[in-house]
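Heads up, the sequence shown is in UniProt numbering, so the first residue is 1 and it goes up one at a time.
One structure is given below, encoded as structure tokens.
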Amino acid sequence: MIEIALGQPIAPPTTNALPQTVPPSLAGDSIVLPSGFNDPIEPFNRAIWGFNTGFMTSLVRPTSKVYRRVVAKPVRTGIGNMGKNLTYPGRLANNMLQGNWAGMGQETERCLCNTVLGLGGFFDVATHWGVPKNDADFGQTFRKWGWQPGCYLMLPVFGPSDGRDATGLVGDMAANPLTYFAPYSYIGSGVAANNFGDTVEGAVRFSQAEADSYSILQYAWSFGHENRRVDWRVDGSKDEAALETLQSIFFTYTNAEFPALGKTRSVLIPATGKKLDFTFWLQPGHAPVVYLVPGFGAHRLAGNELALAELLYQNGFSPVCISSTFHPEFMEHASSTDLPSYPPVGVRDVHVALTQIDRRLEELYPHRLGARALMGYSMGAFQTLFLAATAATNDTPLLKFDRYVAIDAPVRLQYCVTNVDQFYQAPLAWPAGERTSNIENTLLKVAALGARPPAPGSVLPFNDIESRFLIGLGFRLTLRDMIFSSQLRHNQGVLKHPLKKSRRRAAYEEIMQYSLWDYIDKFASPYDQARGIDIANPETMDKGTDLRTYSAELQDNHNIQVIANRNDFILAAEDLNWIEATFGPARATLFERGGHMGNLSQPVVQRAILEALDGLAEIQTASKTRHGLDSKSTHATSAENNK
Numbered sequence: 001m002i003e004i005a006l007g008q009p010i011a012p013p014t015t016n017a018l019p020q021t022v023p024p025s026l027a028g029d030s031i032v033l034p035s036g037f038n039d040p041i042e043p044f045n046r047a048i049w050g051f052n053t054g055f056m057t058s059l060v061r062p063t064s065k066v067y068r069r070v071v072a073k074p075v076r077t078g079i080g081n082m083g084k085n086l087t088y089p090g091r092l093a094n095n096m097l098q099g100n101w102a103g104m105g106q107e108t109e110r111c112l113c114n115t116v117l118g119l120g121g122f123f124d125v126a127t128h129w130g131v132p133k134n135d136a137d138f139g140q141t142f143r144k145w146g147w148q149p150g151c152y153l154m155l156p157v158f159g160p161s162d163g164r165d166a167t168g169l170v171g172d173m174a175a176n177p178l179t180y181f182a183p184y185s186y187i188g189s190g191v192a193a194n195n196f197g198d199t200v201e202g203a204v205r206f207s208q209a210e211a212d213s214y215s216i217l218q219y220a221w222s223f224g225h226e227n228r229r230v231d232w233r234v235d236g237s238k239d240e241a242a243l244e245t246l247q248s249i250f251f252t253y254t255n256a257e258f259p260a261l262g263k264t265r266s267v268l269i270p271a272t273g274k275k276l277d278f279t280f281w282l283q284p285g286h287a288p289v290v291y292l293v294p295g296f297g298a299h300r301l302a303g304n305e306l307a308l309a310e311l312l313y314q315n316g317f318s319p320v321c322i323s324s325t326f327h328p329e330f331m332e333h334a335s336s337t338d339l340p341s342y343p344p345v346g347v348r349d350v351h352v353a354l355t356q357i358d359r360r361l362e363e364l365y366p367h368r369l370g371a372r373a374l375m376g377y378s379m380g381a382f383q384t385l386f387l388a389a390t391a392a393t394n395d396t397p398l399l400k401f402d403r404y405v406a407i408d409a410p411v412r413l414q415y416c417v418t419n420v421d422q423f424y425q426a427p428l429a430w431p432a433g434e435r436t437s438n439i440e441n442t443l444l445k446v447a448a449l450g451a452r453p454p455a456p457g458s459v460l461p462f463n464d465i466e467s468r469f470l471i472g473l474g475f476r477l478t479l480r481d482m483i484f485s486s487q488l489r490h491n492q493g494v495l496k497h498p499l500k501k502s503r504r505r506a507a508y509e510e511i512m513q514y515s516l517w518d519y520i521d522k523f524a525s526p527y528d529q530a531r532g533i534d535i536a537n538p539e540t541m542d543k544g545t546d547l548r549t550y551s552a553e554l555q556d557n558h559n560i561q562v563i564a565n566r567n568d569f570i571l572a573a574e575d576l577n578w579i580e581a582t583f584g585p586a587r588a589t590l591f592e593r594g595g596h597m598g599n600l601s602q603p604v605v606q607r608a609i610l611e612a613l614d615g616l617a618e619i620q621t622a623s624k625t626r627h628g629l630d631s632k633s634t635h636a637t638s639a640e641n642n643k
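Structure, rendered in structure tokens:
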């Protein structure tokens, strides 16, 4: 949820007024996040996590892909049910050791029902009849007895744990009767492999999409594994627009196999001499191609990116995904600068990367690429409109687009930065003595919702401060990864703590105190100044961060479609007026609600996205000829380099 949440203004969102400032009495305060689990052996744990991700990616994922094709989902579910049923003795023993007599009876009832009526446990009859589950293991028992967890421990294959729970795993294996009867002792491993086969794609995608998957996993585990009590009360007022923004979690792909159907290739970027990965789903025949540019810091395999790609693919388009210019994957492989700074530079880097990708696809699939469209959302939408504004003067050998679609694009980046920074500071409104515990309870809510995702369209249990903070936290974590990646490669001497890939915690805690404006003032501005770009100059700043500077060019480009929400934090009232005046009703679709990216799961919004691409099929032939000529006339990189 945090990963994909984006910002809302502290000002009433229905009016899109300018954001309020932090009260002077609080201006010197800073948000201190609850500390994660004690991790004194971080380098060792990171090494084991590296092994686990390699094991999942190289061995488990390909074998599971074949297994899922051969064994149908109902059969896999039944095998998992049988495995669960076989471990009944361990649950019985631990419920007894914890003094949970009702749990002992209910687990016994479940075992009898599933064994007798569920064909040896293949069918979960007990759950269908409403018999409660009472999962218990030795880790829980040791916790109930008062055994403190000790330090964080990443186990090979098993994943996150601690000293107490790792010992509990030994007890769990000892309580499994199959352990003592060879060759049946291998049944447990087979069941585990069966169960992991259905989740490995998500696990691998998580490890690839997160800039630092170890850190996110470790912090989330700190709140999820202790089974601490969550206060679900929602005290105070609600920010409907912020809650709508958080509902972007409901926009996800519907086919569990869709991510695995994509192909990932790489292209050589001339400015860096490195290869950039991209992922695509081509239609079987000739079809329009839609290049997707994601939001701030998003990876090409992030949830919203995949959901948009699936929507496009299901409706006859060939989507191609790249990572955001603010994600370390793009920063380290395709950025012409050491850190994301002046927006026009990043836009050109995107354009160069997409040109290289288009040429590569033309080489591989010469008869399947039709008209080209550029679709961006959030920050990617800003970059899309910036490219559209300069399309008329694009006489370089870079890719030309037949359509530009901007979803929830900011108009003025400075306005967005101010709002996002204030969102992260929302907990300063809580009394200082309650602030840390309230933040911790908010994160416990997130962990609980992650374990049991709510139904699509559900109202999330957060008040205005909680929802705003979660949105701001999502941005702050992205900023943390940006700063760490950039300073690891080009240390400007701003950070006091040493930068080491294997031990990051101290540096992360320092970086989390930097706001987006701090990043601009202390990192980006000095870097740009040294390169001859003075963003303190109002004209230079407007040309790089304010789309209104290009009103005439955008108005004249009739291949642009804009989709936005009136209560979106990135749009003040004057921005909404500008969109309507610049694009008119024929090229701008405005929804009354949705916050930022929060209504993409709604059918009416998805129809608007698809309608924004109407007519591309009719220009496929002309587009193919033109792009083919551009590709041939400007192709300077060999096929071998682009493999």
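Positions of the beta carbon are idealized from the N, C-alpha and C atoms, including for glycine.
Given a cut-off of 8 Å on the beta-carbon distance, is the pair residue i and residue j in contact?
{"i": "MET154", "j": "TRP49", "result": "yes"}
{"i": "ASN565", "j": "GLY544", "result": "no"}
{"i": "TYR152", "j": "PHE37", "result": "yes"}
{"i": "LEU600", "j": "PHE251", "result": "yes"}
{"i": "ASN134", "j": "GLY99", "result": "no"}
{"i": "ALA608", "j": "THR589", "result": "yes"}
{"i": "LEU311", "j": "ARG368", "result": "no"}
{"i": "GLY598", "j": "GLN247", "result": "yes"}
{"i": "VAL562", "j": "ALA392", "result": "no"}
{"i": "THR63", "j": "VAL204", "result": "no"}
{"i": "ALA209", "j": "ALA302", "result": "yes"}
{"i": "GLY90", "j": "ALA166", "result": "no"}
Excluding the 5 residues preceding and the 5 following residue i in the sequence, name in chain order all residues of the same chain whose CB lies nearer than 6 Å to its CB.
{"i": "LEU554", "result": "ALA389, THR582"}
{"i": "LYS632", "result": "Any reading at LYS632 must be qualified, since the residue scores a pLDDT of 41, below 50, and its modelled position is unreliable; no value is offered."}
{"i": "ASP528", "result": "SER341, TYR342, ILE535"}
{"i": "SER485", "result": "PRO328, MET331"}
{"i": "SER336", "result": "ALA271, ASP349"}
What are the boundary residues of the alpha helix (DSSP H) that includes residue i?
{"i": "TYR365", "result": "That residue, TYR365, is in no alpha helix (DSSP H); it is neither H nor E in DSSP."}
{"i": "ILE41", "result": "Element bounds for ILE41: n/a, residue is neither H nor E."}
{"i": "VAL494", "result": "Run containing VAL494: none; DSSP gives neither H nor E here."}
{"i": "LEU600", "result": "It is not in any alpha helix (DSSP H) - LEU600 carries neither H nor E in the DSSP assignment."}
{"i": "LEU306", "result": "303-314"}
{"i": "LEU86", "result": "73-86"}
{"i": "THR63", "result": "61-70"}
{"i": "MET331", "result": "328-333"}
{"i": "GLU240", "result": "240-246"}
{"i": "VAL200", "result": "200-209"}
{"i": "TRP101", "result": "101-116"}
Looking only at its own chain, which residues have a Cβ that is under 7 Å from the Cβ of residue i, when we skip the five neighbours before and after it?
{"i": "ARG480", "result": "TYR508, ILE511, MET512"}
{"i": "THR115", "result": "ASN85, GLY121"}
{"i": "THR478", "result": "PHE296, GLY297, PHE326"}
{"i": "PRO540", "result": "The amino acid occupying residue 540 in the given sequence is Thr; Pro does not appear at that position. So the list reads ILE533, ASP534, once near-sequence residues are dropped."}
{"i": "ASP51", "result": "For the sequence presented, residue 51 should be read as Phe rather than Asp. Answer for PHE51: PRO156, listed in chain order."}
{"i": "PRO24", "result": "Because PRO24 sits at a pLDDT of 37, beneath the cut-off of 50, its placement in the model cannot be relied upon, and the following sentence gives the value as read from the coordinates. Within the same chain, PRO24 has no close Cβ partners at all."}
{"i": "ALA27", "result": "Caution is warranted here: a pLDDT of 40 is assigned to ALA27, below 50, making its placement in the model unreliable, and the coordinate value is therefore given only provisionally. Hits under 7 Å: none found."}
{"i": "VAL32", "result": "THR436"}
Taking residue i as part of the beta strand (DSSP E), name the residues at either end of that continuous run.
{"i": "residue 707", "result": "Residue 707 lies beyond the stretch modelled for the chain, which goes from 1 to 643, so this question has no answer here."}
{"i": "TYR291", "result": "287-293"}
{"i": "ILE269", "result": "263-269"}
{"i": "ALA588", "result": "588-591"}
{"i": "GLU127", "result": "Residue identity check: residue 127 is Thr in the sequence provided, not Glu. Here THR127 belongs to no beta strand (DSSP E); instead the alpha helix (DSSP H) covers 125-128."}
{"i": "THR279", "result": "274-280"}
Give a yes or no on whether the minimum CB-CB distance between residue i and chain B is below 8 Å.
{"i": "ARG452", "result": "Absent from the structure: chain B. Only one protein chain is present."}
Among residues of its own chain, excluding the 5 on either side of residue i, which ones have a beta-carbon nearer than 8 Å to its beta-carbon?
{"i": "VAL131", "result": "GLN106, GLU109, ARG110, CYS113"}
{"i": "GLN602", "result": "GLY594"}
{"i": "PHE123", "result": "GLY78, ASN81, ASN114, LEU117"}
{"i": "LYS445", "result": "VAL230, TRP232, PRO461, PHE462, GLU466"}
The stretch 397-416 / the stretch 365-374 touching (three or more Cβ pairs under 8 Å): Under the 8 Å Cβ criterion, the stretch 397-416 counts as touching the stretch 365-374, having at least three qualifying pairs.
Cβ contact (3+ pairs, closer than 8 Å) linking the stretch 179-193 and the stretch 251-265: With a cut-off of 8 Å, the stretch 251-265 and the stretch 179-193 do not count as touching, because too few Cβ pairs lie within range.
Alpha helix (DSSP H) runs contained entirely in the stretch 504-567, provided each spans 4 or more residues: Listed in chain order, the complete alpha helix (DSSP H) runs (minimum 4 residues) inside the stretch 504-567 are 505-511, 516-519, 525-530, 538-545, 551-556.
Stretch-stretch touch, CB-based, cutoff 8 Å, three pairs: the stretch 220-230 with the stretch 68-79: No: the two stretches stay apart, fewer than three of their Cβ pairs being nearer than 8 Å.
Uninterrupted alpha helix (DSSP H) stretches inside the stretch 143-186 (no shorter than 4 residues): Unbroken alpha helix (DSSP H) runs of no fewer than 4 residues, entirely contained in the stretch 143-186, are found at 163-175, following chain order.
Stretch-stretch touch, CB-based, cutoff 8 Å, three pairs: the stretch 291-309 with the stretch 377-387: By the criterion of at least three beta-carbon pairs nearer than 8 Å, the stretch 291-309 is in contact with the stretch 377-387.
Segments of 4+ residues assigned as alpha helix (DSSP H) that fall wholly inside the stretch 366-449: 379-389, 413-424, all fully within the stretch 366-449.
Any 3 or more C-beta pairs closer than 8 Å across the stretch 260-267 and the stretch 350-362: The answer is yes - the stretch 350-362 touches the stretch 260-267, with three or more Cβ pairs under 8 Å.
Sufficient close CB pairs (3 or more, under 8 Å) joining the stretch 206-216 to the stretch 415-431: Contact fails: fewer than three Cβ-Cβ distances are below 8 Å.
Cβ contact (3+ pairs, closer than 8 Å) linking the stretch 191-198 and the stretch 88-97: Judged by Cβ distances under 8 Å, the stretch 191-198 makes no contact with the stretch 88-97, as fewer than three pairs qualify.
Touch test, the stretch 238-247 against the stretch 457-471, Cβ-Cβ under 8 Å, three pairs minimum: With the cut-off at 8 Å, the stretch 238-247 and the stretch 457-471 touch.
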